[in-house]
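Novice:
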Amino acid sequence: EWSGFNLDDKTDGHLGLGFYLALTAVEIRGRSEAEVEALVRRRVTDGSTLPAEADPYFRLDRVLGRRDFPAGFGIVIGLDDTATLTFASRSTRNLTAGSTTLVPYAAGDFRLDGGALLARPPLS
Numbered sequence: 015e016w017s018g019f020n021l022d023d024k025t026d027g028h029l030g031l032g033f034y035l036a037l038t039a040v041e042i043r044g045r046s047e048a049e050v051e052a053l054v055r056r057r058v059t060d061g062s063t064l065p066a067e068a069d070p071y072f073r074l075d076r077v078l079g080r081r082d083f084p085a086g087f088g089i090v091i092g093l094d095d096t097a098t099l100t101f102a103s104r105s106t107r108n109l110t111a112g113s114t115t116l117v118p119y120a121a122g123d124f125r126l127d128g129g130a131l132l133a134r135p136p137l138s
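Under this note's numbering, the first residue of the sequence shown is numbered 15, with each subsequent residue one higher.
1) How big is the Cα-Cα spacing for Leu64 and Thr100?
2) Taking the C-alpha atoms as reference points, what is the distance between Val40 and Phe124?
3) Check each candidate in Val50, Asp127, Ala85 and name the one with the smallest Cα separation from Asn108.
4) Considering only residues of the stretch 105 to 137, which uninterrupted beta strand (DSSP E) runs meet the minimum length of 3 residues and lie entirely inside it, listed in chain order?
5) Within 10 Å of its beta-carbon, does Gly30 have 16 or more other beta-carbons around it, so buried, or fewer, so exposed?
6) Kindly identify the DSSP beta-bridge partner or partners of Val90.
7) Using three-state DSSP, classify Val50 as helix, strand or coil.
8) Rounded to a whole number of angstroms, what is the C-alpha to C-alpha distance between Gly88 and Ser17?
9) Please report how far the alpha carbon of Asp94 lies from the alpha carbon of Asp75, in whole angstroms.
10) Along the chain, which unbroken stretches of the beta strand (DSSP E) at least 3 residues long are found entirely within the stretch 58 to 88?
11) Using 8 Å as the threshold, is the stretch 114 to 121 in touch with the stretch 77 to 91, meaning 3 or more CB pairs across them?
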């Protein structure tokens with residue numbers, strides 16, 4: 015799966031963690047249909063799109079309408095051509111469907127208006 019990338023799988027394929035530690039993140043047991051279904055969130059119109067099991071790893075919120083967020087690292091993905099991102103400095107960025115914008119902590123509080131996804135690290 016690494017062909018075409020300038021990586022040496024023996025030295026780079028484990029992000030410096032070592033293969034033993036890196037592979038502890040892989041779950042290899044089978045899950046029942048009910049367990050898989052419990053991980054799927056359907057028709058989320060606003061708020062977290064992920065099950066609670068994802069909370070220790072990352073957050074992904076769907077925003078439709080206007081929502082304010084505190085300063086923090088995030089990646090905003092436009093869902094349509096009507097979304098805007100407004101920073102504490104009052105600078106505004108218009109988002110298009112599929113566009114991505116990195117929001118650094120230093121940008122301060124920000125507001126999303128319209129359809130967007132906001133990916134953020136876990137709370138703790």
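Built from N, CA and C at the ideal position, the CB exists for glycine as well.
Specialist: Walking through what the data contain:
1) Your numbering for residue 64 matches position 50 in the sequence shown. Your numbering for residue 100 matches position 86 in the sequence shown. For Leu64 and Thr100, the distance between alpha carbons rounds to 25 Å.
2) On the sequence shown, position 26 is the one that residue 40 refers to. On the sequence shown, position 110 is the one that residue 124 refers to. Approximately 35 Å, taken between the alpha carbons.
3) In the sequence shown, the residue the question calls residue 108 occupies position 94. Among Val50, Asp127, Ala85, the Cα nearest to that of Asn108 belongs to Asp127.
4) 106 to 108, 114 to 117, 124 to 127, 130 to 134
5) One-based indexing of the sequence shown puts residue 30 at position 16. So Gly30 ends up on the exposed side.
6) The residue labelled residue 90 in the question sits at position 76 within the sequence shown. Val90 pairs with Thr115, Leu132.
7) By one-based count along the sequence shown, residue 50 stands at place 36. Residue state, collapsed to three classes: helix.
8) Numbered from 1 along the sequence shown, position 74 holds the residue referred to as residue 88. Numbered from 1 along the sequence shown, position 3 holds the residue referred to as residue 17. Rounded to the nearest angstrom, the two C-alpha atoms are 30 Å apart.
9) As a position in the sequence shown, residue 94 is number 80, starting the count at 1. As a position in the sequence shown, residue 75 is number 61, starting the count at 1. Rounded to whole angstroms, Asp94 to Asp75 spans 15 Å at the Cα level.
10) 73 to 77, 80 to 83
11) yes
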